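Peer 1:
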């Protein structure tokens, strides 16, 4: 069943036509990778789903409900959590305060929040060690863990991940992607934006490719890995 | 030495008033990165509304206990000015939120002139005088330092309000949401925080504190005038810069320090130099340490 459906989405930044009629569906339980070069519209798609940028036309349907035009803070309550591009942790707040803010919408559910925090610390033990430290003092990799952990605190159905590999050493990327797979196995559907197509397709079940605001290719991860155009443009093979 | 301690007590009293007003500047700057130049006017309106309640309505004659009467004045005026603060944000600032940084600043200056003139038209341009002895004239003499009940009350009230605000911001979920909004609006939204509501909250707390400071100035100095928002606003703004604009404990420390510098300067040099000393401090801080005493200690890794 489709958890999230995007239909004919058009977005403009001023006169720039950033998304030119994108349609896609994220099935419940899967990892869908959104691939493409810089400026293809990947981040814009995620920001539209979260309600941070208003679409000109089109539909965004979450669990059967049209969420286009809803306020970003209300969309979180429908089970959509977003770990944004560049991690965007709250630098002058402690790691634990960052995590608590991730669970902001679950205010009174003390027990559930404790449980979520336990799970986050289990996925990212480093965060437990550094829980009293200011988030701005963490390394890039730790900040990425915090950004994902913070999103998980909302107990999401759908997790939007924007470039989790950005600026991280290859070994660390492997670690983080391993954890993303684990999160998915625990029942969280994931929409993953990545420039690093190879690692993304190794992790994802399916993928779609964006080029300058258009959706140009869609298929299973295996199909895309073997697709000549993808190989040439995104995997660096000749 | 005796004179020094006397000036210190006087300085802390006036400084705690500066600090309350400075909090309004610093909280709005923290969340919207703009200077609310109309904040001094909200402070001034607090004074005038208290005057209306006490003198025109004669509230103190209706209510037998002076302390209960004053409490009602403080609460009622703080609420009214908080409503005015929220209205100001809605009408003068929110429509310009997505515009250039200069636009809300100009709008704030416009709002300031508007409010000042409105008060002048309603109350007239001259000085209004609060009645004597609203707070019983009790004085203590501690080692030659004269401390009146009024000063004790001002210090006690402002310090408790500051402590309460500090706890709210540092220890509660709402406070964490406020800090998150001041760092990054979009990411705060992704946490499910209603940023507009947090901004409204800042425009409730800041003006309410400003109004309380305005009432205290009315009770302490007894003379009020429609231009007082400018004079006090500029000092409080200096205090906010001194402590580090956007930093809440900074505004508290900055206010108290500025009050002490000013009175000690006035006591040892000359009262005529009071303003010069304040602005010399502002200039020195801007040149030597633009982030203020407590501003931005944490380096952010990118």
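Chains as they are written, first to last, in my numbering: chain A, 1 to 238; chain B, 1 to 302.
C-beta: ideal position from N, C-alpha, C; glycine also.
Predicted, not measured: the structure shown is a model, and the values here were computed from it.
(1) Closest to residue 244(B) by CA distance: which of 11(B), 20(B), 30(B) and 18(B) is it?
(2) For residue 47(A) versus residue 102(A), is the C-beta spacing smaller than 8 Å?
(3) Which bits of chain A does residue 252(B) rub up against, with CB to CB less than 9 Å?
(4) So is residue 181(B) buried or exposed if we call it buried at 16+ other beta carbons inside 10 Å?
(5) Here's a check: name, in chain order, each residue in its chain whose Cβ is nearer than 6 Å to the Cβ of residue 172(A), leaving out the five neighbours to either side.
(6) List the residues of chain A whose Cβ lies closer than 8 Å to the Cβ of residue 215(B), in chain order.
(7) So what does residue 83(A) bridge to, in DSSP terms?
(8) For residue 125(B), is the beta carbon positioned less than 7 Å from some heavy atom of the ligand PLP?
(9) Which stretch, first to last residue, makes up the beta strand (DSSP E) that contains residue 189(A)?
(10) Hey, is residue 183(B)'s beta-carbon within less than 8 Å of any beta-carbon in chain A?
(11) Answer yes or no: do residue 119(B) and residue 226(B) have a C-beta to C-beta separation smaller than 8 Å?
(12) Quick one: is residue 71(B) buried, meaning 16 or more other Cβ sit within 10 Å of its Cβ, or exposed?
(13) Could you give the distance in angstroms between the alpha-carbon of residue 54(B) and the alpha-carbon of residue 175(B)?
(14) Among residues of its own chain, excluding the 5 on either side of residue 258(B), which ones have a beta-carbon nearer than 8 Å to its beta-carbon?
(15) For the alpha helix (DSSP H) containing residue 83(B), name the first residue and the last one.
(16) Along the chain, where does the alpha helix (DSSP H) containing residue 262(B) start, and where does it finish?
(17) Residue 185(B) to residue 29(A), Cα distance in whole Å?
(18) Runs of 4 residues minimum, wholly inside the stretch 16-90 of chain A: which ones carry the alpha helix (DSSP H) assignment?
(19) With a threshold of 6 Å on Cβ separation, who are the neighbours of residue 188(B) within its own chain once the five nearest residues in sequence on each side are excluded?
(20) Could you round the C-beta distance between residue 36(A) and residue 42(A) to whole angstroms and report it? I think they count as a contact, below 8 Å.
(21) Whole angstroms are fine: how far does the CA of residue 212(B) sit from the CA of residue 148(A)?
(22) Going by beta carbon distance, what residues of the same chain come within less than 7 Å of residue 247(B), once the five residues before and after it are set aside?
(23) If distances are taken between C-alpha atoms only, which option among 223(B), 7(B), 85(B) and 89(B) comes closest to residue 126(B)?
(24) Which runs of the beta strand (DSSP E) fall wholly inside the stretch 106-186 of chain B and span at least 3 residues, in chain order?
(25) DSSP on residue 212(B), reduced to helix/strand/coil?
(26) Would DSSP call residue 202(B) helix, strand or coil?
(27) Could you check the C-alpha separation between residue 290(B) and residue 43(B) for me, to the nearest Å?
(28) Check each candidate in 145(B), 209(B) and 149(B) and name the one with the smallest Cα separation from residue 165(B).
(29) Should residue 135(B) and residue 150(B) be called a contact, given that it needs their Cβ atoms to be closer than 8 Å?
(30) Give the DSSP bridge partners of residue 5(A), in chain order.
(31) Grab the span of the alpha helix (DSSP H) containing residue 229(B) for me, first residue to last.
(32) What residues are listed by DSSP as bridge partners for residue 12(A)?
(33) To the nearest angstrom, how far is it from the Cα of residue 205(B) to the Cα of residue 229(B)?
(34) Can at least three beta-carbon pairs, one atom from the stretch 94-103 of chain B and one from the stretch 79-86 of chain B, be found at a separation below 8 Å?
(35) Under 8 Å, Cβ to Cβ, is there at least one residue of chain A near residue 246(B)?
(36) Helix or strand or just coil, what does DSSP make of residue 223(B)?
Peer 2: Inspection of the coordinates gives the following:
(1) Counting from one through the second chain, the residue named residue 244(B) turns up at place 244. Among 11(B), 20(B), 30(B) and 18(B), the Cα nearest to that of residue 244(B) is on 30(B).
(2) In the first chain, counting from the first residue as 1, residue 47(A) sits at position 47. In the first chain, counting from the first residue as 1, residue 102(A) sits at position 102. It is not a contact, given that the beta carbons lie outside the stated cut-off.
(3) Start at 1 with the first residue of the second chain, and residue 252(B) comes out as number 252. Those within 9 Å of residue 252(B) in chain A number zero; the least Cβ separation is about 18 Å.
(4) By one-based count along the second chain, residue 181(B) stands at place 181. Answer is buried; the Cβ neighbour count reaches 16.
(5) Counting from 1 along the first chain, the entry for residue 172(A) is found at position 172. Counting only Cβ-Cβ distances below 6 Å, and skipping sequence neighbours, we find 141.
(6) In the second chain, residue 215(B) corresponds to position 215, counting from 1. Going along chain A, no residue has its Cβ under 8 Å from residue 215(B), so there is no contact; the nearest lies around 33 Å.
(7) Taking the first chain and counting its residues from 1, the one referred to as residue 83(A) is at position 83. In DSSP, residue 83(A) forms a bridge with 161(A).
(8) As for the ligand PLP, it is missing from this structure, which has no ligand bound.
(9) Indexing the first chain from 1 puts residue 189(A) at position 189. For residue 189(A), the enclosing beta strand (DSSP E) stretches over residues 189-194.
(10) As a working note, residue 183(B) is residue 183 in the second chain. Yes, contact with chain A.
(11) For the purposes of this step, residue 119(B) is taken as residue 119 along the second chain, with counting starting at 1. For the purposes of this step, residue 226(B) is taken as residue 226 along the second chain, with counting starting at 1. Result yes, Cβ atoms of residue 119(B) and residue 226(B) sit closer than 8 Å.
(12) In the second chain, residue 71(B) corresponds to position 71, counting from 1. Under this definition residue 71(B) is an exposed residue.
(13) The residue labelled residue 54(B) in the question sits at position 54 within the second chain. The residue labelled residue 175(B) in the question sits at position 175 within the second chain. Roughly 35 Å between the two C-alpha positions.
(14) Working through the second chain from its first residue, we reach residue 258(B) at position 258. The residues 15, 18, 235, 238, 239, 242, 278 and 281, in chain order, have a CB closer than 8 Å to that of residue 258(B) in the same chain once the five nearest residues on each side in sequence are set aside.
(15) Taking the second chain and counting its residues from 1, the one referred to as residue 83(B) is at position 83. That run of the alpha helix (DSSP H) goes 66-88.
(16) On the second chain, position 262 is the one that residue 262(B) refers to. From DSSP, the alpha helix (DSSP H) with residue 262(B) extends over 248-268.
(17) Residue mapping note: residue 185(B) aligns to position 185 of the second chain, counting from 1. Residue mapping note: residue 29(A) aligns to position 29 of the first chain, counting from 1. The alpha-carbon of residue 185(B) is positioned some 30 Å away from that of residue 29(A).
(18) 42-50 and 72-76
(19) On the second chain, position 188 is the one that residue 188(B) refers to. If we look at residue 188(B) and ignore the five residues flanking it on each side, its Cβ neighbours are 180, 181 and 195.
(20) As a working note, residue 36(A) is residue 36 in the first chain. As a working note, residue 42(A) is residue 42 in the first chain. Going by Cβ atoms, the distance from residue 36(A) to residue 42(A) rounds to 5 Å, so yes, they are a contact pair.
(21) One-based indexing of the first chain puts residue 148(A) at position 148. One-based indexing of the second chain puts residue 212(B) at position 212. Straight through space, the alpha carbons of residue 212(B) and residue 148(A) are spaced by roughly 43 Å.
(22) Translated into the one-based positions of the second chain, residue 247(B) becomes position 247. Correct list, in chain order: 26, 292, 294 and 295.
(23) The residue you call residue 126(B) lines up with position 126 of the second chain. Measuring C-alpha to C-alpha distances from residue 126(B) to each of 223(B), 7(B), 85(B) and 89(B) identifies 223(B) as the nearest.
(24) 139-142 and 145-148
(25) Numbered from 1 along the second chain, position 212 holds the residue referred to as residue 212(B). It is helical.
(26) The residue given as residue 202(B) occupies position 202 in the second chain. Correct three-state label for residue 202(B): helix.
(27) The count along the second chain starts at 1 and reaches residue 290(B) at position 290. The count along the second chain starts at 1 and reaches residue 43(B) at position 43. If you take the alpha carbons of residue 290(B) and residue 43(B), they lie about 26 Å apart.
(28) Translated into positions along the second chain, residue 165(B) becomes position 165. Checking every option, the nearest Cα to that of residue 165(B) belongs to 209(B).
(29) The count along the second chain starts at 1 and reaches residue 135(B) at position 135. The count along the second chain starts at 1 and reaches residue 150(B) at position 150. Cβ atoms of residue 135(B) and residue 150(B): closer than 8 Å.
(30) One-based indexing of the first chain puts residue 5(A) at position 5. Residue 5(A) pairs with 25(A) and 61(A).
(31) Here residue 229(B) is taken as the residue at index 229 of the second chain, counted from 1. First-last of the alpha helix (DSSP H) with residue 229(B): 228-243.
(32) Locating residue 12(A) in the first chain gives position 12, counting from the first residue. Residue 12(A) is bridged to 17(A).
(33) The residue given as residue 205(B) occupies position 205 in the second chain. The residue given as residue 229(B) occupies position 229 in the second chain. Computed Cα separation, rounded: 18 Å.
(34) no
(35) By 1-based counting over the second chain, the position of residue 246(B) is 246. Answer no: the Cβ-Cβ gap between residue 246(B) and chain A never drops below 8 Å.
(36) If you number the second chain from 1, residue 223(B) lands on position 223. In this structure, residue 223(B) counts as strand in the three-state DSSP scheme.
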